[in-house]
């Protein structure tokens, strides 16, 4: 993680452009792990999420021609109340669907999206304002409470959906609606006289505006994002001012501090990650996009500090972040409880968004190692293997009380994990005219542009179950470029050959990437071997809930033990220091996964006859154990689960 | 804990009356531990609690002649909002003060109480209804919501205060007010036509009515308590009925289940302890009072089952109960988290109330061992050594975020711990004409009635710091009776002599009590030696948060480690299995306490350079450690605290 003395200035002044992601649809997962998940998302997740939106009457609320219902907060048929930011759920669902449409058009899905778009168009106010909740139910509250009401957050997600749908289909209707909405925002907010000097407490529109900017190339779209980022946390706070306008005491704020929204001080002065985890990582993603586009070293410096703080003090071993449900976010350093972990699915995904952007500015595996970590663990655990049940909180320990749900009071995570998996191809490579960086390993074929020149790259691998990767390059013509292969931080014994010749890895390593600069020819074959021993990880001793315990990891995959495999709660286990765990591929486990088998000692719960407390220790008996990938937990019988195992 | 095949029937049919507690003021703590605490309560706690009631404008709200303020829920000067059941705080404060007045009258305190009583008298409605909140602010809500509004809970605490004040001073005004209030309740609630068939969801008035009954001897007071206990949990639920009367959907209940109030089924059918911990233990206390007075074996059978469940599955090693803040109560079996423990001070105290009553029916140390446990640990931890700061939640682990407070949103615990300590003399002995039972050991002198005959009993001891107790009996005349001495469950090596002659303990043990039946003379001396080795306790292996860990106990006192003593967070410690801990009396520690000293291994936090997760274990270094009594924690510098130490 040592970044040396590299500064923003040197980064931004250096060389021939920066790494940009490949279009996700240029990467085809041709088999194995991610193909299986993408198939599930396309065939199950996207259609069933639409069914939920129907069943739960979300679509009905979009029917602007009927009179609004009598309730300020309608109750969904499932008994859950509807949140006022439900436009965001449409937005993310359309975005997820669009990512799959870019691979393969689907008239049925498109008809549904077109219908939603038509409804939104019907509802949009003549001045461009668009938010179903407020138009239909509380028009008098429009733009009165940016602190709590998520109006621009909702618009931001609609905007991301509109950009993705346009890019997938070429249809402009949704994009035009959202361009009009963005114009309305530009007319309403800013530093100019007569405008409101506000910003949404839940960052999101900033990130969406950067996507729009990259589509339109219109400077004013980027400038609006800059304005929101620059204005955030300026004092006196706009949130105070608008609270007073509402006749409220600004101090009477349920979350007590604007750090909840990273709005307690200007973003460039923030050195520690605080507050709501999704707000934070959406904001940091937008800041990284702006740093990329504007080469603003002050933003980059802030991001580096924030990243260092988060990864040194606030990150679960699974890649989850935001340990507390009270603020859906961060607490004190090293406070990473297991059973009460919040570790919201959306937050892990947004961490993926952020580090992906960081690596575009600074190609360093400290970022992309975390991308890999969340992809296989803390984000993926948010969706069931059946593709239609979810976790909001991703605990690291359970006594069986945590079960996946079909729908939720705040259904933000399902569509988020859907869009993340659907667009995962976009995270595999970044490129610039003279380099191609490989961040993720997966059975796949892709056509990547290096500037104007195309390179086809095929990966043959059973990753993440096996660490042997064979990459075959097919440049459209032989050419010079640097192929940068991420050597995962978990791998100590990587071996690399090019066309059968061994590469001296230490000699070519640059910030965690094996950097192979050469004249590449059609059919060049690179073999990367990443041995995957079963590893035991220890946490910093101030992570109290992991002290004396070990987490099991193999390659990028974090493991856990489930009661359904071992027959008793895994909390009763002690893992001897010398106990070996052997990897086996189990085809029958939820579509196939590598599991770990071995022996450990377990407390004899049935044999304990001493009441609740006793002088003698519980008797320990040897027992066979099985560990499964953490992301696959809670897909079978209910029961206990544990990531951090007590070590003997 | 094996109660054999003893049943309620045999218990109630047996012998010459049952054990009754001595009047608390008959027991004088003449020095040592409890004298020090009682002095603090008299000199600091009771006066400062009155100051808080003044400062926080509680007394102002009692000024019925001024118009009510504009707010439905007034904000106190400390910024906390006032709860609608604040009458209960007056009631408990008057009760606590009265217990000390019974030792020594105090015109200043009495003038304050008389003033409150006069105000309450002014406010009482002509029909006897008395509840300051509802009379002053929401008269239309009177008796409309027994599920949520605590009206009878508040009246119950006023009634307990009135009984105690009458007993201490002979002044009738408060008692007369409350007798009129009770008459109003009798006229309003019951099974007769025209009455409401309700009961308060928060048990309390039942227990208060039993105190009144024992004062007045009026059967209708006992019958009202019986009615409330019998009616509780009958279906269809009164709470459903009254919710519908309010135009609400009964299913729209924030706590989801009436088990929250032990009202999900009739009390005699309840076999497991569920819901809000204080509600539960107040209810069970009233049930035990009724079982005592009515010899109803069905109540007793239920109580035995509930007690067995609580002690086998739901009790912290400190005596705390109710592990979750969500319902202020019980969750699943063995769910006893440390850092998020709720373990409300009031709940530990109420557990003391309950087991004290159980032992009046069945003299068994399984009950009184828990009385001792809560008195020295989980209840006493609720008050600071300065007598004017408090804990509501009594966690077993902290990273320094838990600090004692001066006042609280829900200030129920301060007056509860005050009344418990002030009346602790009443827990030391119970007696019947042919027996005297000693439950607690403490430097003290008492005059106890065995029927008509008085026995003076002196205890010379430095308990709980030392286990040698010398009891001297001074019966007014030589007489036969059984002296029953509790041999604590934690003591394996007790030794007993009577006038210097060793007693064969196993031969005289009956349900945990050494039962010495003889002709006692003036000056008989009983010496009980209870050696107090430092003990390590292990929890049932299904208490996951204690698995692999040990709690340290010496005699009745549970120990903890505090960062302020060891210089780093105790969560970094591993206690070797063979590490010895030596007891030392430290006069300088908060008025004097026995501390434990020894050595353990600590993770080298400063030396860890590996980021958040690493393959290597943290280096361990030997370190000197100090443990202090748990009840004394959080009286010095802020920092980490831990009860359950990781054992190597």
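Residue numbers (the working numbering), protein chains in the order written: chain V, 750 to 1397; chain B, 750 to 1397.
Backbone N, C-alpha and C fix where the C-beta goes; we use that ideal spot for every residue, glycine too.
Item: Residue 1030(V) (DSSP reduced to helix, strand or coil); Value: helix
Item: Residue 979(V) (DSSP reduced to helix, strand or coil); Value: helix
Item: Where residue 1337(V) falls, given that 16 or more other Cβ within 10 Å makes a residue buried; Value: exposed
Item: Chain B within 7 angstroms of residue 1307(V), Cβ atoms only; Value: no
Item: C-alpha gap between residue 1313(B) and residue 1374(B), whole angstroms; Value: 11 angstroms
Item: Own chain partners of residue 953(V) with C-beta closer than 6 angstroms, once the 5 adjacent residues on each side are dropped; Value: 902, 905 and 1031
Item: Uninterrupted alpha helix (DSSP H) stretches inside the stretch 840 to 883 of chain B (no shorter than 4 residues); Value: 856 to 872
Item: Residue 1323(B): contacting residues in chain V (beta-carbon distance under 9 angstroms); Value: 1296 and 1297
Item: Residue range of the beta strand (DSSP E) that includes residue 1308(B); Value: 1306 to 1311
Item: Reduced DSSP secondary structure (H/G/I, E/B, other) of residue 962(B); Value: helix
Item: Cα-Cα separation between residue 787(V) and residue 1173(V), rounded to whole angstroms; Value: 9 angstroms
Item: Residue 1292(V) classed as buried or exposed, judged by whether at least 16 other C-beta atoms fall within 10 angstroms; Value: buried
Item: Pairwise C-alpha distance: residue 1074(B) and residue 855(V); Value: 49 angstroms
Item: Min CB distance residue 1362(V) to chain B below 7 angstroms; Value: yes
Item: Contact set between the stretch 1046 to 1072 of chain B and chain V, restricted to residues whose Cβ is under 8 angstroms from the partner; Value: 1060, 1061, 1062, 1064 and 1066
Item: Alpha carbon of residue 1050(B) to alpha carbon of residue 1060(B), nearest angstrom; Value: 16 angstroms
Item: Distance between residue 834(B) and residue 819(V) (C-alpha atoms, nearest Å); Value: Below a pLDDT of 50, predicted positions are generally treated as unreliable, and residue 819(V), at 46, falls in that range; the measurement from the model is reported next regardless. Whole-angstrom Cα-Cα distance: 34 angstroms.
Item: Anticipated Cβ contact below 8 angstroms, residue 691(B) with residue 1317(B), distance rounded; Value: The question about residue 691(B) has no answer here: the residues shown for chain B are numbered 750 through 1397.
Item: Length at least 3, wholly inside the stretch 1147 to 1202 of chain B: the beta strand (DSSP E) runs in chain order; Value: 1178 to 1181, 1184 to 1187 and 1193 to 1199
Item: Collapsed DSSP secondary structure at residue 1346(B) in the structure displayed; Value: strand
Item: Within 8 angstroms of chain B by C-beta, residues of the stretch 1195 to 1226 of chain V in sequence order; Value: none
Item: Outcome for residue 1280(V) when other beta-carbon atoms lying within 10 angstroms are tallied against a minimum of 16; Value: exposed
Item: 6 angstroms Cβ shell around residue 1383(B) - same chain, five flanking residues per side excluded; Value: 1153
Item: Validate contact between the stretch 1212 to 1231 of chain B and the stretch 1255 to 1266 of chain B using beta carbons, cut 8 angstroms, 3 pairs; Value: yes
Item: Inter-stretch contact (C-beta, 8 angstroms, three-pair minimum) for the stretch 874 to 884 of chain B and the stretch 930 to 938 of chain B; Value: yes
Item: Cα-Cα separation between residue 914(B) and residue 849(B), rounded to whole angstroms; Value: 10 angstroms
Item: Classification of residue 871(V) by the beta-carbon crowding that lies within 10 angstroms, buried from 16 upward; Value: exposed
Item: Three-state class that DSSP yields for residue 770(V) in the structure shown; Value: strand
Item: Coil, strand or helix - residue 812(B) by DSSP; Value: coil
Item: Candidates 1238(B), 1239(B) and 1197(B): closest to residue 1221(B) by CA position; Value: 1197(B)
Item: Closer than 7 angstroms to chain V by CB, residue 1367(B); Value: yes
Item: Cβ neighbour criterion (16 or more within 10 Å) applied to residue 1158(B); Value: exposed
Item: Residue 1140(V) versus 1114(V), 1119(V) and 1167(V), residue with shortest Cα-Cα distance; Value: 1167(V)
Item: Residue 985(V) in three-state terms, based on DSSP; Value: coil
Item: Local conformation of residue 1218(B) per DSSP, three classes; Value: strand
Item: Residue 1094(B): first and last residue of the uninterrupted alpha helix (DSSP H) it sits in; Value: 1094 to 1110
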